[in-house]
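Below is one structure, written out as structure tokens; the observations come after it.
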Amino acid sequence: MIERKSVIPEPYQTIARRELRKLPTWKLQEAYGKLRAGESTGIELVEQNRAYAISAIEEILWERGKLPSSSSHSSGKVMANKEDAEALKALLPAVGIGAAVIVAYAVLVRVFALGRRAGYQDGRYLVSVRYPGQWHDIREFIQPHKLGVVAFYSDVGPDVWGCLDLVCHNISYRQDIGEFWQFPSETIWSGAGDCEDSSNLLTSLLRNFTNAYTVLGSYQGWGHAWVASGEGEILEATFTQARPVPDPQDYCPYCMFNESEVIELWPGALSEVFELGRNEELKLI
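So the number in this note's numbering is just where the residue sits in the sequence shown, counting from 1, plus 1284.
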């Protein structure tokens, strides 16, 4: 039987996830707009933890297809769709280079504002996995040379399974509310994180001495993250101790990355992985 890692009790997150989903869309949109503007929402549950609440509300609105852009907060209307890309393709042949850049930028801004989690710009693989409106190159989440990471790594040194065991024993599994990625030093400091957080930390440790990637994909059909060693071995950072995975056939990679490169298994895989459903309990393996 696979040993499961205990979840840190988080009554606020549990209550927030349940209660926010009960609110009507218009109420969530109103609260979302006020949060972005730095105003009080008047909702006690939201005010208890505004940082987590804004991420959770954003995800709920995104799921409902009602995440407003900055220009639609007042009307609450959203028109997110995949036709923007096709429109861009149609426009590019008919315009000059300067105009093409303007059109591409306008479409990119619109797509980002409407709640997409991933985008591509100037060779960068951008993800919105922290605060609304913040975009990071996904490679920024692998930080082998940050002081906190180096200090953590020094406890074990150049040992793949030792690094895995270090993460498994010191980072408790924590369910996400919404989608919020921590940087490796934040994961070390908090002593907790979900699968992306523990995987990014492990990859950061391993990159001090060997090749490794954080892998985004599916596990038993649900969105998940793990680490691939330089030999291609699956390293599961949500175990309670370092051990081989018993069911490698259930891991389906979409995209892998470290601080130097991003590898999509097929074009658009990074965007697709954020469309996978989440099952926080299933990931406690």
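Glycine included, every Cβ here is placed at the ideal spot set by N, Cα and C.
Cβ-based neighbour list, residue i, same chain, cut-off 6 Å, excluding 5 preceding and 5 following
i, result
"Leu-1560", "Ser-1502 and Gly-1507"
"Arg-1394", "Below a pLDDT of 50, predicted positions are generally treated as unreliable, and Arg-1394, at 36, falls in that range; the measurement from the model is reported next regardless. Cβ neighbours of Arg-1394 beyond the five flanking positions: none."
"Pro-1428", "Ser-1488, Arg-1491 and Asn-1492"
"Gln-1466", "Gly-1477 and Asp-1481"
"Val-1413", "Glu-1463 and Trp-1465"
"Lys-1318", "Thr-1325"
"Gly-1382", "Because the pLDDT at Gly-1382 is just 48, under 50, the model does not fix this residue reliably, and the value given afterwards should be weighed accordingly. Counting only Cβ-Cβ distances below 6 Å, and skipping sequence neighbours, we find nothing."
"Cys-1479", "His-1508, Ala-1509, Thr-1522 and Lys-1567"
"Ile-1299", "none"
Among the options, the one whose alpha carbon lies nearest that of residue i
i, options, result
"Glu-1463", "Asp-1481, Ile-1455 and Tyr-1535", "Asp-1481"
"Phe-1523", "Gln-1332, Arg-1305 and Val-1451", "Val-1451"
"Pro-1551", "Glu-1543, Glu-1347, Ala-1402 and Ala-1435", "Ala-1402"
"Pro-1416", "Val-1440, Tyr-1437 and Ala-1337", "Ala-1337"
"Leu-1345", "Gly-1326, Thr-1309, Glu-1323 and Leu-1319", "Thr-1309"
"Arg-1527", "Ala-1496, Cys-1447, Lys-1306 and Trp-1419", "Cys-1447"
"Asp-1500", "Tyr-1437, Gly-1516 and Ala-1553", "According to the sequence displayed, residue 1500 carries Leu and not Asp. Comparing Cα-Cα distances from Leu-1500 to each of Tyr-1437, Gly-1516 and Ala-1553, the minimum goes to Ala-1553."
"Phe-1425", "Ser-1544, Glu-1303, Arg-1305 and Ile-1299", "Ser-1544"
"Arg-1430", "Arg-1320, Gln-1533, Ser-1469 and Trp-1473", "The question names Arg, but residue 1430 in the sequence shown is Lys. It is Ser-1469 whose Cα lies nearest to the Cα of Lys-1430."
"Glu-1303", "Ala-1321, Val-1433 and Ile-1327", "Ile-1327"
"Arg-1305", "Pro-1532, Glu-1556, Arg-1320 and Leu-1329", "Leu-1329"
"Asp-1443", "Glu-1331, Ala-1496 and Ala-1335", "Ala-1496"
"Arg-1320", "Lys-1311, Leu-1307 and Ala-1335", "Ala-1335"
Expected contact under 8 Å - CB spacing of residue i and residue j to nearest Å
i, j, result
"Gln-1525", "Asp-1449", "6 Å"
"Glu-1342", "Tyr-1316", "7 Å"
"Phe-1541", "Arg-1423", "6 Å"
"Thr-1494", "Gly-1516", "Actually they do not touch by this definition, with Cβ atoms about 12 Å apart."
"Ser-1511", "Ala-1521", "The sequence as given places Val at residue 1511; Ser does not occur at that position. The Cβ separation is near 6 Å, so the contact holds."
"Ile-1518", "Tyr-1535", "6 Å"
Residue i, enclosing beta strand (DSSP E) - first and last residue
i, result
"Phe-1541", "1535-1541"
"Ile-1547", "1546-1548"
"Gly-1403", "1402-1405"
"His-1429", "Looking at the DSSP string, His-1429 is not in any beta strand (DSSP E), and its letter there is neither H nor E."
"Thr-1231", "The structure shown does not extend to residue 1231, since the chain is modelled only from 1285 through 1569, so no value can be given for it."
"Leu-1490", "Where Leu-1490 is concerned, there is no enclosing beta strand (DSSP E), although the alpha helix (DSSP H) it sits in stretches over 1479-1490."
"Tyr-1336", "Per DSSP, Tyr-1336 belongs to no beta strand (DSSP E); it is in the alpha helix (DSSP H), 1334-1347."
"Trp-1506", "1506-1513"
"Thr-1498", "1496-1503"
"Val-1413", "Element bounds for Val-1413: n/a, residue is neither H nor E."
Sequence-distant residues of its chain with Cβ nearer than 7 Å to residue i (five each side left out)
i, result
"His-1453", "Gln-1525"
"Pro-1293", "Low local confidence applies: a pLDDT of 42 at Pro-1293 is under 50, so the model's placement there is unreliable, with the coordinate-based value given in what follows. So no residue of the chain qualifies."
"Leu-1549", "Pro-1537, Tyr-1538 and Cys-1539"
"Ser-1438", "none"
"Glu-1556", "Tyr-1538"
Neighbour flag for residue i against chain B, beta carbons, 8 Å
i, result
"Glu-1463", "Among the protein chains of the structure shown there is no chain B, as only one such chain exists."
First and last residue of the uninterrupted alpha helix (DSSP H) at residue i
i, result
"Ala-1526", "Unbroken run through Ala-1526: none, as it is neither H nor E."
"Val-1451", "1444-1454"
"Leu-1554", "1553-1557"
"Thr-1471", "1468-1474"
Contact test: residue i Cβ vs the ligand PLP heavy atom, cutoff 7 Å
i, result
"Val-1557", "As presented, the structure is devoid of all ligands, the ligand PLP included, so that no description of it is given."
Other residues of its chain near residue i: CB distance less than 8 Å, five sequence neighbours each side excluded
i, result
"Thr-1471", "Ile-1455, Gly-1477, Asp-1481, Ser-1482, Asn-1484 and Leu-1485"
"Trp-1473", "Gly-1432"
Practice task
Kindly confirm or deny that the segment 1480-1495 and the segment 1400-1407 touch, where touching means at least three C-beta pairs closer than 8 Å.
Solution key: No, the segment 1480-1495 does not touch the segment 1400-1407.
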